[in-house]
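A quick write-up on the structure given underneath.
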Amino acid sequence: MGMSVTISVATEQDAEQIFRLQYLCFQSEAALYGNYRIDPLVQSLDSVREEVASDCVFVARLGEEVVGSVRGALHEDGTASIGKLCVHPRLQGHGIGARLLRAAESALAEERGATKFRLSAGHRSEGSLRLYRRVGYEAVGTSQGQDGVPMVVLEKPAEAYAATA
33 MGMSVTISVA TEQDAEQIFR LQYLCFQSEA ALYGNYRIDP LVQSLDSVRE
83 EVASDCVFVA RLGEEVVGSV RGALHEDGTA SIGKLCVHPR LQGHGIGARL
133 LRAAESALAE ERGATKFRLS AGHRSEGSLR LYRRVGYEAV GTSQGQDGVP
183 MVVLEKPAEA YAATA
């Protein structure tokens, strides 16, 4: 009998596993852009710990192992930024990313009062862009990450998360 993946709020004890998972998962993104200095790869463990303590962070677990994570933060204007969504490469394509995204959207809207969700993905990150469009996000512009990677900025109104849940 196989174990099922569960989604839950991240705890302080999860920070190191999130840090390691993020480093593993974003290797393919770095290769896509030929840039191994992208933010998820250079973020410090202390910074991940700070985000777990202050932001809306969810993890996907397979038993005791963290196999996915996502972070969200609410801004003063009611917009919630969602980022660093990652799922272990061996478990991608099974809906875990969409489940993590829905958990973050739900908490940000219902518990923190978000009125709009915003996220971004590298312009060559077809898998991520496909997922975001499938769950209702629409491209609203472009930006350039601090690491120099061209990004597509996507948004959806918070009331739309219930329709994709």
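First residue of the sequence shown: 33, per the working numbering; consecutive thereafter. Note that beta-carbon positions come from the ideal geometry of N, C-alpha and C, so glycine has one too.
Burial state of residue i (16 or more Cβ within 10 Å)
i	result
Y169	buried
V89	buried
L77	exposed
V172	exposed
R131	buried
L186	buried
Residues that residue i bridges to, as DSSP identifies them
i	result
M183	G154 and S175
G90	One point to set straight first is that residue 90 is Phe, not Gly, in the sequence displayed. F90 is bridged to V41 and V102.
E191	None; E191 has no bridge partner.
Segment limits, beta strand (DSSP E) that includes residue i
i	result
L106	E97 to L106
S36	Element bounds for S36: n/a, residue is neither H nor E.
Any chain D beta carbon closer than 8 Å to residue i
i	result
D87	The structure shown has no chain D; it contains just one protein chain.
Residue closest to residue i, alpha-carbon to alpha-carbon, out of the options
i	options	result
R150	G95, D71, D109 and I128	D109
P189	T174, P182, A141 and S175	A141
H155	Y164, C118 and E82	Y164
Contacts around residue i, its chain only, beta-carbon distance under 7 Å, and the 5 residues preceding and following it disregarded
i	result
G180	N67
Where the alpha helix (DSSP H) through residue i begins and ends
i	result
L73	D71 to V74
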